[in-house]
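Q:
Chains as they are written, first to last, in our numbering: chain F, 4 to 116; chain D, 2 to 114.
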């Protein structure tokens, strides 16, 4: 069955620390890839997406993600986090033969000032 | 432009009762999706409408769940009768025809006692 794994369930960082959240998926075909973020009390928002082309994708608020096809990975990175990045982050995969999104379990990020 | 809206934001019902959730997609979006997140688990796909037609309902858990999309505009998701395991957050998302990016609503938090 198609699945998405987010290795870190809860990450705690100090401001200015670097962030990398792992995401791996199990699907052998072509995929579209997404990272969504849910800030406290808000709805899911699109952070960035990859459909094709340059595997290094830049999103909003200084986030970026790299698609490594050979590793079935789409890790999220930010060089220096801020307190306002405290949120839950979701990796999602859309196999090209469907329209649905398959989500990971989410990673809760807490950033302390 | 208004985003995806959902009503109610919260619902607390007793086992055996009926609940109806509503989703209004972004105007002009033909695709409408329902997802559910049970506490501590991943966000799971329930079904996908294209206009008023069900394109994919492979994620619907059982026949206690009924989704409709009248006239290709808003959608309702009825749970009848509700069971304890139906508790969770129900998300609605929409996307434009031919585009893969889904925009999410704030969710409805359902608690079945």
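All C-beta atoms, glycine included, are put in the ideal place defined by N, C-alpha and C. Everything numeric in this text was worked out from a predicted model, so none of it was measured.
(1) Rounded to a whole number of angstroms, what is the C-alpha to C-alpha distance between residue 104 of chain D and residue 54 of chain D?
(2) Return the residue from the list F/91, F/27, F/105 and F/32 that minimises the CA-CA distance to residue 69 of chain F.
(3) Using DSSP's beta-bridge definition, name the partner residues of residue 138 of chain F.
(4) Assuming contact is defined by CB atoms lying nearer than 8 Å, are residue 49 of chain F and residue 41 of chain F in contact in what I supplied?
(5) Should residue 109 of chain D go down as buried or exposed, given a rule of 16 or more other Cβ atoms within 10 Å for buried?
(6) Ignore the nearest five residues each way along the sequence and tell me which others in residue 52 of chain D's own chain have a CB closer than 8 Å to its CB.
(7) Quick test of the definition: if touching needs 3 or more C-beta pairs under 8 Å, does the region 7 to 21 of chain D touch the region 74 to 84 of chain F?
(8) Please classify residue 105 of chain F as buried or exposed, where buried requires at least 16 neighbouring CB atoms within 10 angstroms.
(9) Per DSSP, which residues does residue 98 of chain F bridge with? Please list them.
(10) Can you tell me where the beta strand (DSSP E) with residue 68 of chain D in it begins and where it stops?
(11) So, is residue 93 of chain F buried or exposed, given that buried needs 16 or more other C-beta atoms within 10 angstroms?
(12) Please classify residue 46 of chain D: is it buried, with 16 or more other beta-carbons within 10 angstroms of its beta-carbon, or exposed?
(13) Between D/21, D/41, D/33 and D/90, which lies nearest to residue 57 of chain D when the distance is taken from Cα to Cα?
(14) In terms of alpha-carbon separation, which member of F/17, F/67, F/54 and F/74 lies closest to residue 84 of chain F?
(15) Helix, strand or coil for residue 10 of chain D per DSSP?
(16) Anything in chain D within Cβ reach of residue 27 of chain F, meaning under 8 Å, just list it in chain order.
(17) Residue 97 of chain F CB to nearest chain D CB: under 8 Å?
(18) Give, in chain order, every residue of the region 20 to 41 of chain D whose Cβ lies closer than 9 Å to some Cβ of chain F.
(19) Can you tell which of F/29, F/35, F/66 and F/13 has the C-alpha that lies nearest to the C-alpha of residue 74 of chain F?
A: Per the coordinate set shown:
(1) 19 Å
(2) F/27
(3) Because chain F is modelled from 4 through 116, residue 138 of chain F falls outside the range shown and cannot be assessed.
(4) no
(5) buried
(6) 31, 70 and 73
(7) no
(8) Burial call: buried.
(9) F/34
(10) 66 to 70
(11) buried
(12) buried
(13) D/33
(14) F/17
(15) coil
(16) Per Cβ cutoff of 8 Å: no residues; residue 27 of chain F is ~14 Å from chain D at best.
(17) yes
(18) 32, 34, 36, 38 and 41
(19) F/29
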